[in-house]
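2 protein chains.
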Amino acid sequence: MAHDNIDLSTLTKNELLVFEALKESEGPMKAYDVLDVLKSHGVRAPMTVYRALEGLEEKGIVHKLDALNAFVLCSHDHPHQVQSFLVCSECGMVQEISPELREAPQVEDKILGVVRATGFQMREARLEMKGICQNCTSKQGAHSTAAE
Amino acid sequence: MAHDNIDLSTLTKNELLVFEALKESEGPMKAYDVLDVLKSHGVRAPMTVYRALEGLEEKGIVHKLDALNAFVLCSHDHPHQVQSFLVCSECGMVQEISPELREAPQVEDKILGVVRATGFQMREARLEMKGICQNCTSKQGAHSTAAE
DNA sequence: TATATCAATGTTATATCATAATCCAGTAAA
DNA sequence: TTTACTGGATTATGATATAACATTGATATA
Numbered sequence: 000m001a002h003d004n005i006d007l008s009t010l011t012k013n014e015l016l017v018f019e020a021l022k023e024s025e026g027p028m029k030a031y032d033v034l035d036v037l038k039s040h041g042v043r044a045p046m047t048v049y050r051a052l053e054g055l056e057e058k059g060i061v062h063k064l065d066a067l068n069a070f071v072l073c074s075h076d077h078p079h080q081v082q083s084f085l086v087c088s089e090c091g092m093v094q095e096i097s098p099e100l101r102e103a104p105q106v107e108d109k110i111l112g113v114v115r116a117t118g119f120q121m122r123e124a125r126l127e128m129k130g131i132c133q134n135c136t137s138k139q140g141a142h143s144t145a146a147e
Numbered sequence: 000m001a002h003d004n005i006d007l008s009t010l011t012k013n014e015l016l017v018f019e020a021l022k023e024s025e026g027p028m029k030a031y032d033v034l035d036v037l038k039s040h041g042v043r044a045p046m047t048v049y050r051a052l053e054g055l056e057e058k059g060i061v062h063k064l065d066a067l068n069a070f071v072l073c074s075h076d077h078p079h080q081v082q083s084f085l086v087c088s089e090c091g092m093v094q095e096i097s098p099e100l101r102e103a104p105q106v107e108d109k110i111l112g113v114v115r116a117t118g119f120q121m122r123e124a125r126l127e128m129k130g131i132c133q134n135c136t137s138k139q140g141a142h143s144t145a146a147e
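Protein chains in written order, with numbering that gives the first Met the number 0: chain A, 0 to 147; chain B, 0 to 147.
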């Protein structure tokens, strides 16, 4: 697990709590879901969670998936300029695939090149792909192909 | 303008109103901003706007920018599988760059290849890149380079 | 004509997501 | 001890989005 490499000593108390909650969850969590989990640790207000999430994002440990209003741990060691996620519309699964795309480095290079050519200074980018994951496809495929 | 090619006869009354509002705006609009504009046309409720936006999205005429909770007209003729947007953190400018990326088709092909290899059936994808646009860069650059 | 149906729209209420503003506690330096 | 700073707690509210149900109007058809 990539998360083992993170220096937890730089995290505040609440950041650590949120980090642990996300680590347990094995998937993206909504802020208010994190809040529910942390209520047993005395956290009461949304602000507390959002502040911690903001801190974790600044440290590159957490990403927000805007399409879901949800947050995930960054699943790779070296923060990348383009993060890529598969989001299953069926079961909600989220998979970060930046590592796979890194094996095709032309992709990021090309993107960065095109962007730079427009005079744009990119800070961060996310590619969020929505569709049906393999698991859901095989489950459904056996029964029908209609659905839509 | 690419929007001239759209067959407006397929739009419902409210979809047409929202379409016109977005066309005027020359940029992304929040749903409630659209609502404000359409109040002069008798539209009162958020639902009306959200329903029309949903219809326009299904017809491929509008995209939602999740990172901004905002909606833009699709600025090119042929809906593409990966839509790419530059979002300026400074001035809020949004530019769709799919046409530029199309000149580098390896990018989309590679992405689609990698994704397909994971067994994922992609429906739609958006690459949202945040940074500073050329305009803001040149304005700021003259005065300072610090800022962050 | 009556009536069934369907899509679009209207309306009300509420859920969900996020932040502003203010105050407080600990702690480290002057 | 003051001062300043960082993180945290609390309260309230803003912003975004949808649920649930009623209404309308067009079309089909018995």
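All C-beta atoms, glycine included, are put in the ideal place defined by N, C-alpha and C.
Residue j beta carbon less than 8 Å from that of residue i
i	j	result
M128/A	A124/B	yes
A66/B	V86/B	yes
E14/B	A69/B	no
L72/A	K22/A	yes
G41/B	V93/B	no
T117/B	I5/A	no
V106/A	V106/B	yes
R122/B	S88/A	yes
V48/A	L64/A	no
L111/A	Q80/A	yes
F119/A	G130/B	yes
L126/B	L10/A	no
Buried versus exposed call for residue i [16 or more other C-beta atoms within 10 Å across all chains shown]
i	result
C148/A	Nothing in the structure corresponds to residue 148/A, since chain A is present only between 0 and 147.
S83/B	buried
K109/B	buried
E147/A	Because E147/A sits at a pLDDT of 32, beneath the cut-off of 50, its placement in the model cannot be relied upon, and the following sentence gives the value as read from the coordinates. Exposed, since its Cβ has fewer than 16 Cβ neighbours within 10 Å.
L7/A	exposed
M46/B	exposed
F18/A	buried
H142/A	Residue confidence for H142/A is low, a pLDDT of 43 falling below 50, so the modelled location carries little weight and cannot support an answer.
A145/A	Low confidence applies to A145/A: its pLDDT is 36, below 50, so where it sits in the model is not reliable enough to give any reading.
Can you give, in chain order, each stretch of the alpha helix (DSSP H) that sits fully within the region 3-62 of chain A and has at least 4 residues? 12-24, 30-37, 45-57
Quick one, which residues of the region 119-141 of chain B are near chain A if we go by CB-CB under 7 Å, in chain order? Result list: F119, Q120, M121, R122, E123, A124, R125, L126, E127, M128, K129, G130, I131, C132, Q133, T136.
Near-chain A residues of the region 0-33 of chain B (beta-carbon distance less than 7 Å), N- to C-terminal order: If the cut-off is 7 Å between Cβ atoms, the region 0-33 of chain B has nothing near chain A.
Any residues in the region 46-66 of chain B with a beta carbon nearer than 7 Å to a beta carbon of chain A? Which ones, in chain order? D65, A66
Mind listing, in chain order, the continuous alpha helix (DSSP H) runs of no fewer than 4 residues lying wholly within the region 99-139 of chain A? 104-116
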